[in-house]
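Here is the structure we will look at, set down as structure tokens.
Number of protein chains: 2
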Amino acid sequence: MTLTPRHEPVELAKCYRLLNHGPVTIVTSAHQGERNIMAAAWAMPLDFDPPKVAVVIDRNTWSRGLIEASGRFALNIPTRAIASQVLAVGSHSGRDGDKYAALGLDTFLGDSDLPLLSGCAAWLECRVLPETAMQQRYDLFLAEVTAAWADPALYSEGRWHFPSQESRTLHYIAGGAFFATGESFEV
Amino acid sequence: MTLTPRHEPVELAKCYRLLNHGPVTIVTSAHQGERNIMAAAWAMPLDFDPPKVAVVIDRNTWSRGLIEASGRFALNIPTRAIASQVLAVGSHSGRDGDKYAALGLDTFLGDSDLPLLSGCAAWLECRVLPETAMQQRYDLFLAEVTAAWADPALYSEGRWHFPSQESRTLHYIAGGAFFATGESFEV
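Here's what the structure looks like:
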């Protein structure tokens, strides 16, 4: 499957809405010619404006070194169409070679030259905040969002709209099991 | 509607699974005879064992003072059946009087004498970790989970199983709009 990157900018003051419903994320990173990609279920908004996020990045991951060295990462929000890629990037280590090439992943470049994964619903480019004690004690990274993008077919004018089951975002359970984002309703 | 509290203990080493899929939470707190309840969409697991969580508690909330004073809070995970309560507790302030009484909310007591909201799917009782700089700078509370409970009809043996649409957990969008947790599938 070839996935055409479709992305339009999302207003930074409202980009928390891309993460607000608690979807699983894919963390992409790059530093001096090396790049990596991993899954992260533990990510959430931290502030509205300027937008910040919090994400747990295990110290045993290859991505961790790239993120600490570059001070940057991107959160990619995958859809059900690429759920197998989410599992694959969470099951292999970048130490064993470039995962993008090994897994045949298409990317495009964001504003900060981070690889963004094609076929995702949305993307948040982030700059790590200098809270190194949190990184060391809890593997917790706090970051400011510097650019946000969404596929306009799935998210536009501040709202998600999933035209198909395959276009829904994902919520990770454990062991290869996910929930798709379900029915929307208003109270 | 009277909701009978049904809760069975959840093994602490696996209680991250209650939060892993990113559901909206209700934060309950109490201190010296006062108690409060608020909604929090920004909560996530922080570690497996001992289990920790991270949650954003705005400095302008009444709950914040109770949590700082007592060093405790509980994360309650609501279902669609009580979505209107989630919105109500997120739209009123405890400064205006006891919200439980005003909104007719039933509770039961957890291990640490925190009020737990009846009708929820699961409950995590938490002790705040002494990371006060994070609280002051980012409204971010890190906490260790000291007890975890779930309604066995919705969660048992480490797995969610939602027997009805009304029993599904929730993901907050904005402005009174939610997603229900959707279809589960394996990759």
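Read top to bottom, the protein sequences are chains A and B. According to the numbering used here, the first sequence is numbered sequentially starting from 1074. According to the numbering used here, the second sequence is numbered sequentially starting from 1074. Every residue gets a Cβ at the ideal spot worked out from N, C-alpha and C, and that includes glycine. It should be emphasised that the depicted structure is a prediction, and the values quoted were computed from it without experimental measurement.
query = Is B:L1092 helix, strand or coil when you go by DSSP?
reply = coil
message = Please classify B:R1108 as buried or exposed, where buried requires at least 16 other C-beta atoms within 10 Å of its C-beta.
response = buried
Members of the region 1237-1250 of chain A that neighbour chain B once the beta carbon cut-off is set at 7 Å = R1241, H1244, Y1245, I1246, A1247, G1249, A1250
inquiry  = Whether or not the region 1086-1102 of chain B and the region 1079-1099 of chain A are in contact is what I'm after, with contact meaning three or more pairs of Cβ atoms, one per stretch, closer than 8 Å; do they touch?
reply    = yes
message = For B:S1143, report the span of its beta strand (DSSP E) as first-last.
response = Premise fails: B:S1143 lies in the alpha helix (DSSP H), 1135-1143, not in any beta strand (DSSP E).
task = Return the chain-ordered list of same chain residues with a C-beta closer than 8 Å to the C-beta of B:G1183, the five sequence neighbours on each side being excluded.
result = A1147, L1189, W1196, E1198, A1220, W1222
task = Tell me whether the beta-carbon of B:L1176 lies closer than 9 Å to the beta-carbon of B:Q1158.
result = Yes, Cβ-Cβ distance for B:L1176 and B:Q1158 is below 9 Å.
message = With H, G and I counted as helix, E and B as strand and the rest as coil, what does DSSP make of A:A1194?
response = A:A1194 falls in the coil class under three-state DSSP.
key: Whole-angstrom C-beta distance between A:W1115 and B:M1117, which should lie under 8 Å   = 5 Å
Among A:E1259, A:S1257, A:E1239, nearest to B:F1258 - alpha-carbon criterion = A:E1239
request  = Determine which residues of the region 1135-1154 of chain B have a Cβ less than 9 Å from any Cβ of chain A, and write them out in chain order.
outcome  = R1153
query = What is the DSSP secondary structure of A:E1081, reduced to helix, strand or coil?
reply = DSSP places A:E1081 within a strand segment (E or B) once states are collapsed to three.
task = Using a Cβ-Cβ cut-off of 9 Å, state whether A:D1120 counts as contacting chain B.
result = yes
ask   = How about A:L1218 and A:P1124: do their beta carbons lie closer than 9 Å?
value = For the sequence presented, residue 1218 of chain A should be read as Val rather than Leu. Yes, these two residues count as a Cβ contact at 9 Å.
request  = Starting from B:F1219, follow the beta strand (DSSP E) in both directions and report where the run begins and ends.
outcome  = The sequence given here places Thr at residue 1219 of chain B; Phe does not occur at that position. 1213-1223 is the span of the beta strand (DSSP E), which, as asked, contains B:T1219.
message = Checking the sheet assignment: what are the DSSP bridge partners for B:D1120?
response = DSSP, once it has assigned bridges, lists B:K1125 as partnering B:D1120.
query = Who does B:H1104 pair with in a DSSP beta bridge?
reply = Beta-bridge pairing by DSSP links B:H1104 to B:E1107.
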